[in-house]
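> Pasting a structure here, questions to come.
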Amino acid sequence: MSELLQDDAGRVPGVIGDRIAGVLLLVLAVGAWWLSHDLESGFMQPIGPGEYPRLISLPLAALSLLLILRPGVNQRWPGRAVLLRQALTLLVLASFAGLVKPLGFLPASLVAVVLLVRLFGAAWKPALVSGAVLALALYALFEFALGIPLPDMPGLDW
Amino acid sequence: MDILAFLAQGFAVALEPQNLFLAFIGCVIGTLIGALPGLGPVNGVALMIPLSFNFSLPATGALILLVSVYYGCMYGGRISSIVLNIPGDEPAMMTTLDGYPMALQGRGGEALGLSAVASFAGAGVATLGLALFAPLLVQFAIRFGPAEYFALFVLAFATIGGVTGGSLVKSFIAAFLGLLLGSVGIDAVSGVPRYTFGLYELYDGIDFIVALVGLFAISECLIYLEDIRGTSRPTLRLGSAMPGVRSAGRCAPTIARGSLIGFVAGVLPGAGAALGSFLAYMLEKRWVGRDGSFGQGDPRGVAAPEAGNNAAAGGALIPMLSLGIPGSGTTAILLALLLSMNITPGPLLFEQQPEMVWGLVAALVIGNFVLLVLNVPLVSLFARVLLAPGWFLMPLVVMVAFVGVYSLNNSAFDLYMMLGFGVLGYALRKLEIPTVPVVLGLLLGGQMEFNLRRAMAISGGDWSILWSSGISVGIYLFAVTLIVAGLVYSWRIRGRLA
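For the protein sequence lines, the chains are A and B, in the order given.
FYI, the numbering for the first sequence is 360 to 517, going by our numbering.
FYI, the numbering for the second sequence is 10 to 507, going by our numbering.
Put into structure tokens, the structure is as follows:
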């Protein structure tokens with residue numbers, strides 16, 4: 360369907376990508392198999408808790424091997440500049456996740472949204488303006504209109 | 010069973026002011042989300058789920074809201090296909106082929122009006138089909154035992170692999186990865202924690218909603234970062250949508266065919282709306298497009314896929330509601346919503362909570378009319394949303410995702426997990442490993458294991474119970490047929506490309 364309609368311009372042979380993924384999945388499957396042997400219990404059941412994960416990790420391992428042996432196609436992987444931008448975005452988001460409780464939603468989201476708008480391609484000036492507007496609007500929407508309790512700024516109680 | 014009496018009861022539920030309001034809001038939000046390039050029904054419904062939990066809506070209301078968002082997205086997806094030549098979501102891809110040429114010829118308004126009417130017809134056929142066929146399927150499924158349900162789950166995964174059209178190996182890898190992730194947490198039967206590595210946050214298993222928002226919304230943002238379109242896009246003069254209603258009359262046979270094809274494609278588990286619009290367009294082109302006008306702005310090329318994808322969207326609700334087996338990514342999310350409200354779809358739902366099922370059907374009928382009004386006279390308002398720059402919209406999406414997920418448990422752990430699933434979803438998409446089977450595996454794994462172990466408990470550990478009934482053997486044969494058909498199909502495609 361979608362795959363058939365796409366032109367092949369955005370696709371590359373997946374020799375490296377598919378093999379790395381195959382190895383990671385194989386490690387995952389073998390690890391799951393290994394760990395499942397610790398999951399036995401003396402419960403009077405025909406199949407214990409470890410049986411089902413084993414039943415899944417076996418075909419997963421086989422399919423990963425197949426992927427390593429016969430890799431397919433990938434979407435074009437991004438270049439270094441894009442990877443850096445994605446990593447920075449994830450860093451902003453992870454910091455926001457960690458800081459939202461200690462700092463409160465409003466200050467944390469003000470900083471995070473401005474940086475996000477900037478990372479998504481706006482210049483600094485519109486980023487500052489629209490980031491601030493967006494953060495305040497979201498706060499008003501969630502806190503007052505939708506009544507979702509958000510962490511408050513320390514020392515500030517509405 | 011008297012369907013009309015049930016429907017009357019359903020309308021009584023759907024016409025309650027709160028439910029009516031939810032249906033309306035859902036239609037508006039859905040059309041907006043669908044219109045935005047990149048954000049489709051899966052992302053839209055995924056974003057709305059944590060929010061609907063926060064409103065502590067009753068189950069019927071939450072389901073009406075989300076299904077209205079779902080239908081709205083299917084309508085909205087065509088807007089950016091026609092105006093910008095960028096599909097708003099995957100099922101709207103076929104609409105670009107003739108919709109954008111029409112817009113270039115100054116007939117954009119007509120294309121929008123026509124596609125709205127076609128969507129209305131497709132969704133109408135599907136809703137009617139839902140009311141007629143779901144009860145029949147329920148009567149059949151009421152005889153299913155655990156072994157038959159286990160076979161049904163196998164069928165769902167087989168069709169996902171067979172029909173999505175990508176690499177079969179990768180589809181199955183995705184499904185097994187999801188199943189393995191689904192086994193994390195305390196085992197419900199024995200109470201033994203599995204793969205939790207001592208993290209108490211994982212004792213309840215991986216929260217499906219957290220995984221979902223990460224896999225779809227966050228990974229979409231990472232994809233967006235690859236190609237930042239900061240500048241505003243050129244706008245075309247659209248004109249009034251009203252001529253489209255007249256041209257819909259001329260396309261009536263096309264719309265009827267597209268609706269039926271799409272409906273059948275939607276009912277097949279694992280196929281979904283993208284297949285519906287693809288088949289509707291391709292078959293219509295084969296039947297009536299011999300003059301070569303398809304692809305040049307033929308109105309029939311807009312009507313067919315739009316009727317097809319909306320019909321498929323409704324059809325996909327049938328296996329979800331009557332068997333508890335979702336046919337697409339979006340219906341999987343709807344199923345997750347129901348499961349997390351302790352409602353198990355399937356034959357029993359129709360017996361125990363008919364007001365919910367029929368209220369939903371009635372809400373779909375009402376929502377379809379609301380959507381027609383929103384999408385013919387008011388469509389230019391929605392088209393204007395496309396002018397908002399991505400650097401404004403994407404942070405908005407991220408923040409809605411964050412607040413929604415955070416408010417589930419007030420836990421930063423959930424947010425980190427969501428980001429982790431975002432990276433996973435991005436990597437999978439780059440590897441062309443489909444994400445929908447992962448979601449299905451994560452969601453259905455628990456029930457699949459539960460049915461397997463119940464069947465084994467009944468048989469006392471004898472595995473042959475899994476293939477001892479005629480029904481389950483039939484289901485397995487169907488699954489094998491679909492896998493073989495998928496293999497032959499992809500083999501033939503490869504042969505044609507080589």
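Glycine residues also receive a C-beta, built at the ideal position from the N, C-alpha and C atoms.
Note that the structure is predicted; figures quoted are calculated from it, not measured.
Taking Cβ positions, are leucine 402 (chain B) and threonine 40 (chain B) nearer each other than 7 Å?
Within the second sequence, numbered from 1, the residue matching residue 402 (chain B) stands at position 393. Within the second sequence, numbered from 1, the residue matching residue 40 (chain B) stands at position 31. Cβ distance not < 7 Å, so leucine 402 (chain B) and threonine 40 (chain B) don't count as in contact.
> What whole-angstrom Cβ distance do tyrosine 79 (chain B) and alanine 322 (chain B) have, given they're in contact under 8 Å?
Looking up residue 79 (chain B) in the second sequence gives position 70. Looking up residue 322 (chain B) in the second sequence gives position 313. So it is a contact: roughly 7 Å between Cβ atoms.
> From the DSSP secondary-structure annotation, give me the bridge partner or partners of glycine 194 (chain B).
Translated into the one-based positions of the second sequence, residue 194 (chain B) becomes position 185. For glycine 194 (chain B), which the question treats as bridged, DSSP gives the partners B:Arg203.
> Counting along the chain, where does the alpha helix (DSSP H) carrying asparagine 433 (chain A) start and finish?
To locate residue 433 (chain A), count along the first sequence from 1; it is residue 74. Run containing asparagine 433 (chain A): none in the alpha helix (DSSP H); it sits in the beta strand (DSSP E), 432-434.
> Within 10 Å of its beta-carbon, does proline 262 (chain B) have 16 or more other beta-carbons around it, so buried, or fewer, so exposed?
As a working mapping, residue 262 (chain B) is identified with position 253 in the second sequence. With fewer than 16 Cβ atoms within 10 Å of its Cβ, proline 262 (chain B) is classed as exposed.
> Helix, strand or coil, according to DSSP, for arginine 393 (chain B) in the structure here?
Counted from its first residue, the second sequence places residue 393 (chain B) at position 384. In this structure, arginine 393 (chain B) counts as helix in the three-state DSSP scheme.
> DSSP has proline 446 (chain B) in a bridge; who is on the other side?
As a position in the second sequence, residue 446 (chain B) is number 437, starting the count at 1. Paired residue(s): none; proline 446 (chain B) is not in a bridge.
> Taking the alpha-carbon positions, what's the phenylalanine 206 (chain B) to valine 134 (chain B) distance?
Walking along the second sequence from the start, residue 206 (chain B) turns up at place 197. Walking along the second sequence from the start, residue 134 (chain B) turns up at place 125. Using only the alpha carbons, I get a separation of about 50 Å.
> Of all the CB atoms in chain B, is at least one closer than 7 Å to the CB of proline 412 (chain A)?
As a first step, residue 412 (chain A) must be located in the first sequence, where it is residue number 53. Taking Cβ atoms only, chain B reaches closer than 7 Å to proline 412 (chain A), which makes this a yes.
> Strictly below 7 Å CB to CB, what residues from chain A border methionine 403 (chain B)?
In the second sequence, the residue the question calls residue 403 (chain B) occupies position 394. What methionine 403 (chain B) touches in chain A: Phe479.
> Mind pulling the chain A residues with CB within less than 7 Å of glutamate 235 (chain B)?
Taking the first residue of the second sequence as position 1, residue 235 (chain B) is located at position 226. The contacting residues are Pro437 and Val441.
> Does any residue of chain A bring its CB to less than 7 Å from the CB of phenylalanine 181 (chain B)?
The sequence position of residue 181 (chain B) within the second sequence is 172, counting from 1. The C-beta of phenylalanine 181 (chain B) comes closer than 7 Å to at least one C-beta of chain A.
> I need the boundaries of the alpha helix (DSSP H) containing proline 314 (chain B), first residue and last residue.
For the purposes of this step, residue 314 (chain B) is taken as residue 305 along the second sequence, with counting starting at 1. It spans 308-324 - the alpha helix (DSSP H) in which proline 314 (chain B) sits, taken as one unbroken run.
> When you compare each of B:Pro446, B:Phe129 and B:Leu141 to valine 276 (chain B) by their alpha carbons, which one comes out closest?
The residue labelled residue 276 (chain B) in the question sits at position 267 within the second sequence. Valine 276 (chain B) has its Cα closest to that of B:Leu141, out of B:Pro446, B:Phe129 and B:Leu141.
> Using the three-state DSSP reduction, which class does valine 385 (chain B) fall into: helix, strand or coil?
Against the second sequence, residue 385 (chain B) aligns to sequence position 376. Reduced to three states, the DSSP call for valine 385 (chain B) is coil.
> Strictly by DSSP, which residues pair up with arginine 259 (chain B)?
The residue given as residue 259 (chain B) occupies position 250 in the second sequence. Answer by DSSP bridge pairing: none, since arginine 259 (chain B) is not bridged.
> Within 8 Å, do at least three Cβ pairs link the stretch 475-491 of chain B to the stretch 411-428 of chain A?
The answer is no - the stretch 475-491 of chain B does not touch the stretch 411-428 of chain A, with fewer than three Cβ pairs under 8 Å.
> Determine the closest residue to proline 46 (chain B) out of B:Arg393, B:Arg309 and B:Leu188, with distance taken between C-alpha atoms.
Along the second sequence, read from residue 1 onward, the residue named residue 46 (chain B) stands at position 37. Selected option, being the one with the closest Cα: B:Arg393.
> In the stretch 310-326 of chain B, which residues sit with their C-beta less than 9 Å from some C-beta in chain A, listed in chain order?
none
> Grouping DSSP H, G and I as helix and E and B as strand, with all else coil, what is arginine 87 (chain B)?
Residue numbering aside, residue 87 (chain B) sits at position 78 when the second sequence is read from its first letter. Note: arginine 87 (chain B) maps to helix in three-state DSSP.
> Near serine 268 (chain B), what residues of its chain come up, given a Cβ to Cβ distance below 6 Å and the 5 sequence neighbours on each side ignored?
Locating residue 268 (chain B) in the second sequence gives position 259, where the first residue counts as 1. Once the five neighbours on either side are set aside, the close Cβ partners of serine 268 (chain B) are Ala130, Gly131, Val134, Ala316 and Ala320.
> How many angstroms separate the CA atom of valine 147 (chain B) from the CA atom of serine 331 (chain B)?
Here residue 147 (chain B) refers to the residue found at position 138 when the second sequence is read from its first residue. Here residue 331 (chain B) refers to the residue found at position 322 when the second sequence is read from its first residue. Near 5 Å, if we compare the C-alpha coordinates of serine 331 (chain B) and valine 147 (chain B).
> What separation, rounded to the nearest whole angstrom, lies between the Cα atoms of methionine 408 (chain B) and leucine 373 (chain B)?
For the purposes of this step, residue 408 (chain B) is taken as residue 399 along the second sequence, with counting starting at 1. For the purposes of this step, residue 373 (chain B) is taken as residue 364 along the second sequence, with counting starting at 1. One C-alpha to the other measures close to 29 Å.
> Would you kindly report the start and end of the unbroken alpha helix (DSSP H) that includes proline 404 (chain B)?
Reading the second sequence from its first residue, position 395 is the one you call residue 404 (chain B). From DSSP, the alpha helix (DSSP H) with proline 404 (chain B) extends over 399-418.
> Give the single residue among A:Ile375, A:Asn433, A:Ala421 and A:Gly376 whose Cα lies nearest to the Cα of valine 389 (chain A).
Residue numbering aside, residue 389 (chain A) sits at position 30 when the first sequence is read from its first letter. If we check each option's Cα against that of valine 389 (chain A), A:Ala421 comes out closest.
> For chain A, check one thing: does any of its Cβ atoms lie closer than 7 Å to the Cβ of leucine 440 (chain B)?
Position 431 of the second sequence, counted from the first residue, corresponds to residue 440 (chain B). At least one beta carbon of chain A lies nearer than 7 Å to the beta carbon of leucine 440 (chain B).
> When you check each C-beta in the stretch 448-463 of chain A against every C-beta of chain B, which residues fall closer than 8 Å?
Listed in sequence order: Thr448, Leu449, Leu452, Ala453, Phe455, Ala456, Gly457, Val459 and Lys460.
> Here's the rule: buried if 16 or more other CB atoms are within 10 angstroms of the residue's CB, otherwise exposed. What is tyrosine 209 (chain B)?
As a working mapping, residue 209 (chain B) is identified with position 200 in the second sequence. Classification of tyrosine 209 (chain B): exposed, given that the 10 Å Cβ count is below 16.
> So for arginine 152 (chain B), helix, strand or coil by DSSP?
Locating residue 152 (chain B) in the second sequence gives position 143, counting from the first residue. Here DSSP, grouped into helix, strand and coil, assigns arginine 152 (chain B) to coil.
> Per DSSP, proline 372 (chain A) forms a beta bridge with which residues?
For this step, residue 372 (chain A) is matched to residue 13 along the first sequence. Proline 372 (chain A) is bridged to A:Val432.
> Run through chain B and tell me which residues come within less than 7 Å of aspartate 377 (chain A), C-beta to C-beta.
Your numbering for residue 377 (chain A) matches position 18 in the first sequence. The contacting residues are Leu440.
> As a quick exercise: from B:Tyr158, B:Val92, B:Leu31 and B:Leu224, pick the residue whose alpha carbon is nearest that of valine 414 (chain B).
To locate residue 414 (chain B), count along the second sequence from 1; it is residue 405. Nearest option by C-alpha distance: B:Leu224.
> Since glycine 248 (chain B) and glycine 85 (chain B) are thought to touch, with beta carbons under 8 Å apart, how far apart are those beta carbons, to the nearest angstrom?
By 1-based counting over the second sequence, the position of residue 248 (chain B) is 239. By 1-based counting over the second sequence, the position of residue 85 (chain B) is 76. That pair is no contact at about 19 Å.
> Identify which residue in B:Ala282, B:Ala313 and B:Ala283 has its Cα closest to the Cα of arginine 295 (chain B).
For the purposes of this step, residue 295 (chain B) is taken as the residue at position 286 of the second sequence. Here the closest residue by C-alpha is B:Ala313.
> Shortest alpha-carbon distance to valine 406 (chain B) belongs to which of A:Leu505, A:Val488 and A:Leu493?
Translated into positions along the second sequence, residue 406 (chain B) becomes position 397. Ranking the options by Cα distance to valine 406 (chain B), first place goes to A:Leu493.
> With distance defined between alpha-carbon atoms, name the residue in A:Arg444, A:Ala504, A:Leu384 and A:Leu487 nearest to leucine 417 (chain A).
Counting from one through the first sequence, the residue named residue 417 (chain A) turns up at place 58. Leucine 417 (chain A) has its Cα closest to that of A:Leu384, out of A:Arg444, A:Ala504, A:Leu384 and A:Leu487.
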